[in-house]
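In my numbering, the protein residues as written are 539 to 601.
Here you go:
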């Protein structure tokens, strides 16, 4: 469970404070918050689905 939580917390692509590259891109002023949210929401959803799927498949092997 801790591994799934750790991986999920590193998959924050929607906001500037999520990752250092997001903060750098946002600080240039060329990317708006709305653009980051539009691009990041899809990545966040895909990351959540992949994390849940792998946790579901791997969890039985760990017990």
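Even for Gly, the Cβ is constructed at its ideal location relative to N, Cα and C.
Local conformation of residue i per DSSP, three classes
| i | result |
| --- | --- |
| residue 552 | coil |
| residue 591 | helix |
| residue 601 | coil |
| residue 584 | helix |
Residue i and residue j closer than 8 angstroms at C-beta
| i | j | result |
| --- | --- | --- |
| residue 560 | residue 549 | no |
Host alpha helix (DSSP H) of residue i (start-end)
| i | result |
| --- | --- |
| residue 562 | 558-565 |
| residue 541 | 540-547 |
Anticipated Cβ contact below 8 angstroms, residue i with residue j, distance rounded
| i | j | result |
| --- | --- | --- |
| residue 589 | residue 542 | 6 angstroms |
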